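Here is the structure we will look at, set down as structure tokens.
2 protein chains.
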Amino acid sequence: MPENSSCFFSMTEDNQKSDVVIIGGVACGPKTAATLARRNGDLKITLFQKEKDISYGSCGFPYLASGDIESFDQLTETSYGVVRDVDFFKKSKGFNVIPEAEVVEINRTSKKIRIKFISDGSEIEHGYDKLVIATGANPVPPPFPVAQSDRIKPFTRPGDVRNFKRLASAGQIGKALIVGGGFIGCELAEATGVLWGIETVLVEKENQLLPYVLDSEMAVKAERELKRQNVEVLTGETVTEIKLDDDGNPVVVLKKHDPITVDYVFLCLGVRPEVTLAQKAGLKIGPTGAIEVNNQMQTSDENIYAGGDCAETTSRINGQKIFIPMGSLANRHGRVIAENIIGNKTAFPGVTGAFLVKIYDLNVGSVGLTEAVARKAGLNAEFVWGSFPDKPDYYPESKSFSLKLVYEKDSHRLLGLQAAGHGDICRRIDVVSALIGKNSTIADLFDFEHGYAPPYSEALDPLHHLAGVVLAREKGFEFISPATVSEDYENAQWLDVREPDEIKIQTWPKGENADFHTIPLNDLRERLGELDKSRLVVIVCKRGPRSYQSAVILRQAGFKKVKIQSGGYQAACV
Amino acid sequence: MPENSSCFFSMTEDNQKSDVVIIGGVACGPKTAATLARRNGDLKITLFQKEKDISYGSCGFPYLASGDIESFDQLTETSYGVVRDVDFFKKSKGFNVIPEAEVVEINRTSKKIRIKFISDGSEIEHGYDKLVIATGANPVPPPFPVAQSDRIKPFTRPGDVRNFKRLASAGQIGKALIVGGGFIGCELAEATGVLWGIETVLVEKENQLLPYVLDSEMAVKAERELKRQNVEVLTGETVTEIKLDDDGNPVVVLKKHDPITVDYVFLCLGVRPEVTLAQKAGLKIGPTGAIEVNNQMQTSDENIYAGGDCAETTSRINGQKIFIPMGSLANRHGRVIAENIIGNKTAFPGVTGAFLVKIYDLNVGSVGLTEAVARKAGLNAEFVWGSFPDKPDYYPESKSFSLKLVYEKDSHRLLGLQAAGHGDICRRIDVVSALIGKNSTIADLFDFEHGYAPPYSEALDPLHHLAGVVLAREKGFEFISPATVSEDYENAQWLDVREPDEIKIQTWPKGENADFHTIPLNDLRERLGELDKSRLVVIVCKRGPRSYQSAVILRQAGFKKVKIQSGGYQAACV
């Protein structure tokens, strides 16, 4: 063992074993260790970390790339400016950290791990009573050939961020391409554009951005925002190879488009759990490819726990095993593991799957199951849409957003909520997450009491309105998805019930031969004669409520074929 | 009946009765009528409104006063610029509105009401099958003599707002005094200062602002913010008389201070339910002074419903009858009443009591019971405090706030949350409101999954941390309230574990003879010798976590008398 590894870790006999050994120094690992050390000061706790950096906030990487965060140190510092290093963990938190020490083997019979020191390749063994595996996740390797270059990199490790910033600061990146339109890809698209003014292309193989967390008609709002910010977005496009041209610049070869030559490529194809060690040790791996754990985060070996991105989790909605790599969950795993090691039986409840992502000025969020995922899981999923201001329209700085609520048709059980817009969506994601966690239904949305004051909210919460749309739907009102544009109903009469001033600013996209009528809601009763009762009427407005009210008027006047466009112009076109 | 009252309401025989008659044209009334009209187009629905103005957003009055909202019309307009007048309600919503028509009597035997037209004093009778009373609330009359003047007014009706704006616009108000430090009083203090640059004094008879919704040590944060904004705040002060000086300026006579001469006085002593009509008709009035209703919002007469500010409601926490005048609740009452009239049995669940108020840059919120209210109600209430950034400290524009969580000691049932700070508190108020509505406990806070991304939140939600403090408390760690300053522990050793740079900026207020030690957390283990083990140590830091960690270190080193100051400097001093 090299001398400089740690002053707290010399090879005395006393140091050949710890009560608790933790593998992994980001999120779950340090959280477990700190909680344990607080609960029981007599425990000897040792954490091994492969990398030099410890306990960095990797979720901040895109903002480090963008310059919102100035230096890497900020991600490893406490809020009061003390660096979370070996010394800090020993002195402030009470446990040992050995960085640049890769655990290469777990021997479950002898209850020992073998550690290889990065600096000189030397190896030692160290015993444990309880072991915690928090090895995190690694980038999914590209399923296409990729040339070796410091201009083609993933974006998951500190080195990746430093590499990009070095080249960008040197003015060497004029154009970048991001492979993968998930969270990191979308966040990076903002980072490259905003700070660096880099011309950016985003390629996603699915037909939409943020697949699995958003349904396609919600994801399109993220795509529109990126396009508004001059990011070129290619969805449904597959990269077949990334090679280098004669100058060493990456050339991205695509299935449908011509090859694109850029100065930098980010490989953001997602991550997969790092389970090599666990697998070699014969621990059970779950169907998701992550380490199988029970609700106490215990693996198939009762002395070994796993948490964070390397461990699987369970959906609170349908009990399915899922893999969700999230720093927030990793921290919560850490607490649960520590409590169980101490002997306080504590269950991790599973996940609702709550996400937020900022894409330029657009706030995007999701919790629970999307309609697509729910249907695939065999649930009888139904949905409603709505668009809302985040505070009363009369209040300054009121901003809009759209919501899609997914629920189970017969039981009315809440399954999920998706949100996108420039207004405050966080409250709604959080509330629906809390309600899903308590196994709630549409009735609970009506019963939810939101904090109300004009600077923050409207008198009725969007969740109340969405619950109202569910009832309307069940009373026979038909709502169509915002994705449905006028061409889809060739023989329909389209009815725009907005005021002329509004229509001038936000013109509804009409099909070429569309039969389009504009009658403001207030005039509708008097001008019903302009519409043909025997034909389908599709009603549109700004956010939805006027269309609904218009449908009421048409139905009461004997119209039988009426459809309401959900969420209005705000949902379909912004 | 005067001709101009309404083109939809002539005295034909057909018009001497409606299926549903609604008394009151703001919030609950129009909401009930609109829902009914949507559900059943055949119903004849008539709404009588005493005032000329209908369906105005009275919660916006302070922002109208401040100029955030430019004109009164904005409060009566739809989001698309159409005024909500008689014509609008008839044509868009499908029901009749008769403004300037005061209902003066309800005859429950003949099922008729008597209406007096404001314009000419004429009266008519009108029958009903179902009646809805939504008469709102009126200002509490001052319990002291008040001179008649257009410079001494409440702030609850459109006329009050117009009156103030007229004088303020004419430059006639240099100094104003607000009697009452509730929501409206606090909002007004901002309005007068921000837009009009009016020198403002706020007088509250209780020893704190926002009594009943905040505990005193949280309310003091609102007081500090007002003082930072140069509002003079006099709590624990009683007005004994408001007279006029020779120039007609109001003179406010106080119990403890010299009389204050100002140009305008706002009487914001709260509101009380307007129940005159109901009382005269022999309907039961509840213990709160509001109309008694069952959970279907039905009064003691099965054909009469009441909702909005004139009706009492039930606490979802302890089942007590309470009076909470809120536009948001009034709207929700409206829906419940309409559904029940239609025959869809629908229960109003009671209230959790969620509030938000913006006081200059300070966001203040509360849900459920305060510690004081809970104890008064006989609950075994316990509490924890915490201070938090609303997003990671490394992220730009991260802002702080403090939370006080109140829970039942043995059952761990959530009783309430209070919040104040410059950061985003709304999510937390909403989530705890949702959880209280589902009868949740501290364990549910641990299990709550918040939406996480650095632009919006930290990896662990403040609610997770608060739950952690509850556990720490039960493991024997002692926390003291932020209200407790150094003088309260004369013989204690005070230990500030912040970094020297932090202490320089935010100096902890020390008692004159305080035994004060500054040892940064990271040095504490090595410098334990500086503290006397036999004496009490009170630990302070910026937000709380370092004090807790320090207490762990002291306890593990054998210190027996250790107290942690809750929520740190942020809670106690900002």
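Respectively, the protein sequence lines represent chains S and Z.
This note's numbering numbers the first residue of the first sequence as 1 and each following residue consecutively.
This note's numbering numbers the first residue of the second sequence as 1001 and each following residue consecutively.
All C-beta atoms, glycine included, are put in the ideal place defined by N, C-alpha and C.
Quantities reported herein were computed from a predicted structural model and do not represent experimental measurements.
So S1252 (chain Z) and I1260 (chain Z) are supposed to be a Cβ contact under 8 Å. How far apart are they, rounded? Per the sequence shown, residue 1252 (chain Z) should be read as Val rather than Ser. Correct: roughly 5 Å between the Cβ atoms.
Quick one, which of S:P454, S:D246, S:G193 has its alpha-carbon nearest L227 (chain S)'s? Checking the sequence shown, residue 227 (chain S) turns out to be Lys, not Leu. It is S:G193 whose Cα lies nearest to the Cα of K227 (chain S).
Flag K1165 (chain Z) as yes if its beta-carbon sits less than 9 Å from any beta-carbon of chain S, otherwise no. no
Distance between D1247 (chain Z) and P1002 (chain Z) (C-alpha atoms, nearest Å): Legend: pLDDT at P1002 (chain Z) = 42, less than 50; position of this residue unreliable, value from coordinates given subsequently. Cα-Cα distance, rounded: 42 Å.
As assigned by DSSP and simplified to three states, the class of F1008 (chain Z): A caution first: F1008 (chain Z) carries a pLDDT of 42, below 50, which makes its placement in the model unreliable, though a value can still be read off. In the structure shown, F1008 (chain Z) sits in coil (DSSP, three-state: anything other than H, G, I, E or B).
Return helix, strand or coil for P1002 (chain Z), following the three-state DSSP convention. Note that P1002 (chain Z) scores 42 on pLDDT, short of 50, meaning its location in the model is unreliable and no value can be drawn from it.
For chain S, is any of its Cβ atoms less than 9 Å away from the one on K1438 (chain Z)? yes
With distances taken from CA atoms, which of S:L369, S:G174, S:P389 is nearest Q320 (chain S)? S:L369
Neighbour-count burial assignment, P62 (chain S), 16 or more Cβ in a 10 Å radius: buried
Can you grab the Cα-Cα spacing for the pair V265 (chain S) / G181 (chain S), in whole Å? 13 Å
Secondary structure of T1128 (chain Z), DSSP reduced to three states: Note that residue 1128 (chain Z) is Tyr in the sequence shown here, rather than Thr. Looking at Y1128 (chain Z) - three-state DSSP - the assignment turns out to be strand.
Would a check of beta-carbon distances place E1502 (chain Z) closer than 9 Å to chain S? yes
So the candidates are S:E223, S:E490, S:A290, S:T276; which of them puts its Cα closest to the Cα of F183 (chain S)? S:E223
Taking D19 (chain S) as part of the alpha helix (DSSP H), name the residues at either end of that continuous run. That residue, D19 (chain S), is in no alpha helix (DSSP H); its beta strand (DSSP E) goes 17 to 23.
I'd like the list of long-range same chain contacts for Q1556 (chain Z), defined as Cβ closer than 6 Å, with 5 residues on each side in sequence excluded. none
Along chain S, which residues have their Cβ under 7 Å away from the Cβ of Q1074 (chain Z)? Y394
Give a yes or no on whether the minimum CB-CB distance between G567 (chain S) and chain Z is below 9 Å. no
Which residues mark the beginning and the end of the beta strand (DSSP E) in which N1363 (chain Z) is found? 1362 to 1368
Looking at V26 (chain S) and A330 (chain S), is the spacing between their C-beta atoms short of 9 Å? yes
In angstroms, rounded to a whole number, what distance separates the CA positions of G1136 (chain Z) and I503 (chain S)? 37 Å
Is there a C-beta anywhere in chain S that falls below 9 Å from the one on Q1208 (chain Z)? no
Interfacial residues, the region 116 to 140 of chain S to chain Z, with Cβ spacing under 7 Å: none
Assigned secondary structure, H1422 (chain Z) (DSSP; H/G/I helix, E/B strand, else coil): coil
Assuming contact is defined by CB atoms lying nearer than 9 Å, are P1273 (chain Z) and P1211 (chain Z) in contact in what I supplied? no
Please confirm if L1435 (chain Z) has its CB atom under 9 Å from at least one CB of chain S. yes
Taking 9 Å as the threshold (beta carbon to beta carbon), is V431 (chain S) in contact with chain Z? yes
Please look up how many angstroms separate the CB atoms of K391 (chain S) and P454 (chain S), rounded, as I've assumed it's under 8 Å. 6 Å
Cut-off 6 Å between Cβ atoms - residues of its own chain near F1008 (chain Z), not counting five sequence neighbours on either side: Bear in mind that the predicted position of F1008 (chain Z) carries a pLDDT of just 42, short of 50, making it unreliable; the figure below should be weighed with that in mind. Within the same chain, F1008 (chain Z) has close Cβ partners K1090, N1096.
Taking Cβ positions, are D1496 (chain Z) and H1465 (chain Z) nearer each other than 9 Å? no
For I1198 (chain Z), I'd like the list of residues in its chain whose CB is within less than 6 Å of its CB, leaving aside the five on either flank, ordered along the chain. I1173, A1176, T1192
Alpha carbon of R1427 (chain Z) to alpha carbon of C426 (chain S), nearest angstrom: 7 Å
Using a C-beta to C-beta distance shorter than 8 Å, which residues of chain Z count as neighbours of A374 (chain S)? Under the 8 Å cutoff, chain Z gives no residues; its nearest Cβ is about 18 Å from A374 (chain S).
Residues in the region 1052 to 1081 of chain Z with C-beta within 7 Å of chain S's C-beta atoms, listed in sequence order? G1057, C1059, G1060, Y1063, D1068, I1069, Q1074, L1075, S1079, Y1080, G1081
Is the distance from the Cβ of A306 (chain S) to the Cβ of I133 (chain S) below 9 Å? yes
Use the C-beta contact count for Q1298 (chain Z): other C-beta atoms within 10 angstroms, 16 or more gives buried, fewer gives exposed. buried
Could you check whether the Cβ of Y1456 (chain Z) sits closer than 9 Å to any Cβ belonging to chain S? yes
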